[in-house]
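Mapping of the sequence shown onto full-length UniProt numbering: residues 1 to 395, in sequence order.
The beta carbon of each residue, even a glycine, is placed where N, CA and C say it ideally should be.
Quick caveat, the model's predicted, so the values are computed rather than measured.
The next block holds one structure in the form of structure tokens; read it before the comments.
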Amino acid sequence: MHLKFFIGAGLLKFYFLFVIFIITSCSTTTSLTYKNLQWDGSSSARIVPWQKMDIKADIALLKYALDKAYVGSDFINNETWSTFSEKIDLAKNMKFEDNVEFCKYLGRQFLELPDGHFDIWFPGHSCYLPNKSKPNVGSNYGYKLKKEIFVFKEFSSKKAALLSIKRFPHHEDKKWNGFTESLSNLKKSNNIIIDLRGNGGGDSRRGLELARSLVNSTIEHNRKKIIRKNTPESWTIFRNGVLRSRIWKQSQKLPVQHLDDYIKSIDEDREISLSSSEKFLIYEHKKPSLTKLNFNGNIYVIIDRKCGSSCEHTLEALKFHPNTKSIGQNTSGAIHYGQMGVIRLPSSGIYLKLATQYFELFDDGFYEKTGYSPDISVPAGSDALSFLLDNIIKE
1 MHLKFFIGAG LLKFYFLFVI FIITSCSTTT SLTYKNLQWD GSSSARIVPW QKMDIKADIA
61 LLKYALDKAY VGSDFINNET WSTFSEKIDL AKNMKFEDNV EFCKYLGRQF LELPDGHFDI
121 WFPGHSCYLP NKSKPNVGSN YGYKLKKEIF VFKEFSSKKA ALLSIKRFPH HEDKKWNGFT
181 ESLSNLKKSN NIIIDLRGNG GGDSRRGLEL ARSLVNSTIE HNRKKIIRKN TPESWTIFRN
241 GVLRSRIWKQ SQKLPVQHLD DYIKSIDEDR EISLSSSEKF LIYEHKKPSL TKLNFNGNIY
301 VIIDRKCGSS CEHTLEALKF HPNTKSIGQN TSGAIHYGQM GVIRLPSSGI YLKLATQYFE
361 LFDDGFYEKT GYSPDISVPA GSDALSFLLD NIIKE
């Protein structure tokens, strides 16, 4: 009888400890909500030694964000995702010298994912170093101009006009003043050159305006389908990304009202998502009609390895025109993911940039990290604009 009691008590104790273990091991993740992902704008460049970091808490928050906020978790194949996830988990039991080493470990794991938009860093330290070829077909025509984001230039002897776009800030940014007028002037030439070298992207809407000006207004979008992750977590990290832009602009004494309005609209979308059963918001688009074109001449788009994201969106939209040819080298390959959100791991101070949207293209193929190949390749080390003017466009 005493033996039975002893065994029964022992089993009961084991069961009790097992339940406690399960509860404590799961409580970190189950207690997390979208509010844990919201960034307050604080930052620190302080190097934190391993002993003073709560790596397990940071990993728990990261895993939560990857599952609930990152759209890639829904589209990356299971085998790749499982292997990646296991390697992230391993960090919980590893000892790193400091938060920078921890950051670089995470960066190496993300290199295995087919996502050209991702980034991870600690202030003053880049932790994500993809092995990309460098741009080698010359610099953007307007690269020396610090304030202007676009430049219009005529080459009368070639009956050509050039529009250089260095980046795509928010479509309401005052730096776009005069852009619409430049589009009208472009169409007065027989040959149009769009220089997108070095353009890392931003807001795609001005690129679509350019394409509609040259093709026609039936361009709905450059993508066949936009799949937006509609979780409060996804809206939260997207909000963080806009807040980060606002903080930078304010530090440069630049206007931020449009970003304040944007954050307000994101908050409204997040509130709606809290009571929504739709995990994704899906927007489908049709190809444009080409029966009537706004411009009937030639269009040349200069691209390089730094042309990414919204730069590649703009190339896609311009390629609707039957007379468009790209020239230069492969683009960056930040194509199938977008609308980047940001999270900050509170213990280590590490930042990660995660996509909240996935795109399906009108054409078949997966171009992430490889980019679009040019129709006309330029010899490495040559300037693509000079090559175009000297060898392609005839007087």
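Using three-state DSSP, classify residue i as helix, strand or coil.
| i | result |
| --- | --- |
| Y351 | strand |
| D71 | The sequence given here has Val at residue 71, not Asp. It is helical. |
| T24 | In this prediction, T24 has a pLDDT of 45, which is less than 50 and means its spatial position is unreliable; what the coordinates show is noted afterwards. Three-state DSSP puts T24 in a helix. |
| residue 421 | Summary: the structure shown does not reach residue 421, with the chain confined to residues 1 through 395, and so no result is reported for it. |
| L202 | For clarity, residue 202 is Gly in the given sequence; the question names Leu instead. Residue state, collapsed to three classes: strand. |
| L106 | helix |
| F387 | helix |
| F320 | coil |
| L293 | coil |
| S31 | coil |
| F362 | coil |
| Y262 | helix |
| R270 | helix |
| I55 | helix |
| L281 | strand |
| F14 | Confidence at F14 is low in this model, with a pLDDT of 47, below 50, so the placement of that residue should be treated as unreliable; the coordinate-derived value is given next. Of the three classes helix, strand and coil, the one that applies to F14 here is helix, per DSSP. |
| D98 | strand |
| S139 | coil |
| S217 | coil |
| L3 | Its pLDDT being 41, under 50, L3 is placed unreliably in this model, and the value from its coordinates should be taken loosely. Helix at L3. |
| S276 | coil |
| G241 | helix |
| N185 | helix |
| L254 | coil |
| V19 | Any answer about V19 is weak, because its pLDDT of 44 lies below 50 and its placement is not dependable; what the coordinates show is given next. It is helical. |
| N131 | coil |
| C311 | helix |
Just the Cα atoms here: how many angstroms apart are residue i and residue j?
| i | j | result |
| --- | --- | --- |
| A65 | E233 | 7 Å |
| S386 | V137 | 10 Å |
| H221 | E209 | 10 Å |
| S289 | S217 | 9 Å |
| A91 | S347 | 14 Å |
| G107 | I120 | 6 Å |
| G116 | Q109 | 14 Å |
| L214 | G308 | 21 Å |
| W272 | N391 | Reading off the sequence, residue 272 comes out as Ile, not Trp. Each residue's alpha carbon lies about 55 Å from the other. |
| K353 | E316 | 24 Å |
| N298 | K224 | 25 Å |
| I23 | S31 | Legend: pLDDT at I23 = 44, less than 50; position of this residue unreliable, no value from coordinates given. |
| residue 400 | G371 | Lying outside 1 to 395, the shown extent of the chain, residue 400 is not represented and no answer is given. |
| Q329 | K319 | 16 Å |
| P114 | N190 | 40 Å |
| D40 | P379 | 48 Å |
| I219 | I165 | 20 Å |
| L361 | H285 | 10 Å |
| S73 | N296 | 43 Å |
| T28 | I55 | Reliability fails at T28, whose pLDDT of 47 lies under 50, so the model's placement of it is uncertain and the value that follows must be treated cautiously. Distance between the alpha carbons of T28 and I55 is about 12 Å. |
| P130 | L111 | 7 Å |
| K287 | V100 | 46 Å |
| Y337 | T314 | 15 Å |
| L259 | R270 | 16 Å |
Looking only at C-alpha atoms, which of the options sits nearest to residue i?
| i | options | result |
| --- | --- | --- |
| L388 | I376, A380, G381 | I376 |
| K175 | L254, S310, M53 | L254 |
| I47 | K68, D89, A91, G124 | G124 |
| S156 | I193, G178, K166 | I193 |
| W235 | K63, Y70, A160 | Y70 |
| G178 | E271, A160, E148, R205 | E148 |
| A355 | A334, Y367, I219 | A334 |
| residue 397 | N185, G198, E86, N93 | With the chain covering only 1 through 395, there is no way to say anything about residue 397. |
| K52 | D67, F102, Y358 | F102 |
| G201 | I219, R228, H170 | H170 |
| L162 | V301, P130, F84, F168 | V301 |
| Y351 | T33, W50, P49, I59 | I59 |
| S245 | L293, K394, V342, Y128 | V342 |
| residue 462 | Q339, Y367, K325 | Given a span of 1 to 395 for the chain in the structure shown, any question on residue 462 remains unanswerable. |
| S44 | T180, F122, Q257 | F122 |
Which residues does DSSP list as the beta-bridge partners of residue i?
| i | result |
| --- | --- |
| V301 | I194, S326 |
| H125 | F122 |
| L66 | In DSSP, L66 forms no bridge with anything. |
| Q357 | R228, G338 |
| A161 | E154, I192 |
| R344 | Y351 |
| S377 | G328 |
| P49 | D98 |
| F168 | G202 |
How many whole angstroms separate the CB atoms of residue i and residue j, which I take to be in contact at a CB cut-off of 8 Å?
| i | j | result |
| --- | --- | --- |
| I226 | F84 | That belief does not hold up - the Cβ atoms of I226 and F84 are roughly 25 Å apart, past 8 Å. |
| N36 | L61 | 6 Å |
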